[in-house]
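A short write-up of the structure that comes next.
In this note's numbering, the protein residues as written are 10 to 345.
Here it is as structure tokens:
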């Protein structure tokens, strides 16, 4: 692999070709700063990229390659691996299409193949559309599930990274009622064990992991719910007995502020919105998803395909650039 230790090779998937993925990828990779930290390689469709470049009024040189070895990593050159040769003439921006779902899935599969073969150091993904995947007959709900299955990983941990916060989630796509029921001693302890393992893989020694409370004031001794007494405290105590530096439960209205101050290496949020609201309020565009537990690092923007503005040339690339930057940063941590 032609790489420099300080500039890892990052596979950048184009996402759903009918969404804003192609646009934000092009805009991100025309920023010279990206090339000081990474060597980016697009996995996508050349005709869609050419069409998008015309829409945004940017001149690009597309270098079609079969492997990263053939890439020329410099600003203005878009190195592209095209897993499926297709004119993409039927793809319409801003419309849910089975064809787009199929292509998006093929981009992901190719990026995973490169990661598994150690031809790239990490993968940064542009957004996909769940309805398009379903229309395409892809039996996965999203990126995390695809990456976990196709890499045969025991687990895949979703972590939000924004500024100096690292936030993990006990549950993500569950109703609030189901998410509360999912908070058990067994589940929380399993997450603490896996989080501790992954942070140590990144070179963080004896990571301090804070667990968010579920109820107001951490239940106030059972006055506002018993989940802290019956599940969270026992899980944290069991983790401590295993040598894990776990603390809490810390009231959710304080834990993220304390984490921002640097009191913790990571926070375990108990459900989707508990952590998402805090991170996205802090910095919406720079809240990036990192998937840990895979053989390589995967990062992603944390916004959708934005079909309402797709093909209009007005999408912001900030989140895509941040996803590439963090993919490079965390892949280097993994190599420590």
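From the three backbone atoms N, C-alpha and C, an ideal C-beta is built for every residue, glycine too.
Note that this is a predicted model, so its numbers are computed, not measured.
I need the boundaries of the beta strand (DSSP E) containing residue 38, first residue and last residue. Segment 30-38 is the alpha helix (DSSP H) holding residue 38; no beta strand (DSSP E) there.
For my contact list, residue 27 and residue 104 are in at a C-beta cut-off of 8 Å; report their separation, rounded to the angstrom. Here residue 27 really is in contact with residue 104; their C-beta atoms are around 6 Å apart, less than 8 Å.
Close beta carbons around residue 295, own chain, < 8 Å, minus the five adjacent residues each side: Excluding positions up to five away in sequence, the list reads 171, 172, 327, 328 and 331.
Between the stretch 252-270 and the stretch 299-310, are three or more C-beta pairs nearer than 8 Å? Remark: fewer than three beta-carbon pairs, one from each stretch, lie closer than 8 Å, so the stretch 252-270 and the stretch 299-310 are not flagged as touching.
Identify the continuous beta strand (DSSP E) that holds residue 279 and give its terminal residues. Where residue 279 is concerned, there is no enclosing beta strand (DSSP E), given that its DSSP letter is neither H nor E.
Under 8 Å, Cβ to Cβ, is there at least one residue of chain B near residue 73? In the structure shown, chain B does not exist; there is a single protein chain.
Determine the burial state of residue 283: buried for a count of at least 16 other Cβ atoms within 10 Å of its Cβ, exposed for fewer. By the neighbour-count criterion, in which a residue is buried when 16 or more other Cβ atoms sit within 10 angstroms of its Cβ, residue 283 is buried.
Residue closest to residue 341, alpha-carbon to alpha-carbon, out of 25, 42 and 48: The residue with the shortest Cα to Cα distance from residue 341 is 48.
Residue 255 bridges to which residues according to DSSP? In the DSSP output, where bridge partners are listed per residue, residue 255 has 218.
One question on the structure: do residue 237 and residue 258 come within less than 8 Å of each other, judged by their Cβ atoms? Closer than 8 Å, so yes.
I'd like to confirm the pairing. Which residues does DSSP put opposite residue 307 in its beta bridges? Answer is 132 and 300.
Return the first residue and the last residue of the alpha helix (DSSP H) that residue 48 is part of. That residue, residue 48, is in no alpha helix (DSSP H); its beta strand (DSSP E) goes 48-52.
Need the endpoints of the beta strand (DSSP E) that residue 171 sits in, please. That run of the beta strand (DSSP E) goes 166-171.
Alpha carbon to alpha carbon, how far is residue 59 from residue 80? Between residue 59 and residue 80, the C-alpha separation is close to 18 Å.
Quick check for students: name the residue ranges of the beta strand (DSSP E) that lie wholly in the stretch 175-235, counting only runs of 3 or more. Runs of the beta strand (DSSP E) inside the stretch 175-235: 217-221.
Let's test the definition: count the other Cβ atoms within 10 Å of the Cβ of residue 31 and tell me whether it reaches 16, buried, or not, exposed. Per the 10 Å Cβ criterion, buried.
Within 8 Å, strictly: CB atoms of residue 194 and residue 243: Taking 8 Å as the Cβ cut-off, residue 194 and residue 243 qualify as a contacting pair.
If you draw a straight line from the C-alpha of residue 306 to the C-alpha of residue 108, how long is it? Separation of residue 306 and residue 108 (C-alpha to C-alpha, rounded to the nearest whole angstrom) is 28 Å.
Please identify the residue among 91, 71 and 93 whose C-alpha is closest to the C-alpha of residue 83. The residue among 91, 71 and 93 with its C-alpha nearest the C-alpha of residue 83 is 71.
Taking C-alpha atoms, which residue in 177, 324 and 203 lies nearest to residue 281? The option with the nearest alpha carbon to residue 281 is 177.
Taking the DSSP output, what are the residues bridged to residue 291? Beta-bridge partners of residue 291 (DSSP): none assigned.
Start-to-end residues for the beta strand (DSSP E) that takes in residue 87: Unbroken beta strand (DSSP E) run through residue 87: 86-90.
Nearest CA to the CA of residue 86: which residue from 42, 226 and 69? Nearest C-alpha to residue 86: 69.
Out of 18, 56 and 324, state which residue places its alpha-carbon closest to the alpha-carbon of residue 92. Cα-wise, what sits closest to residue 92 is 56.
Output yes or no for whether 8 Å exceeds the beta carbon distance between residue 147 and residue 114. It is a contact, given that the beta carbons lie within the stated cut-off.
Does DSSP put residue 56 in a helix, a strand or coil? Shown here, residue 56 sits in a helix according to DSSP, grouped into three states.
Can you have a look at residue 250 and say buried or exposed, based on whether 16 or more other CB atoms are within 10 angstroms of its CB? Exposed, since its Cβ has fewer than 16 Cβ neighbours within 10 Å.
If you measure between the beta carbons of residue 149 and residue 288, is that distance less than 8 Å? In this structure, residue 288 does not lie closer than 8 Å to residue 149 by Cβ.
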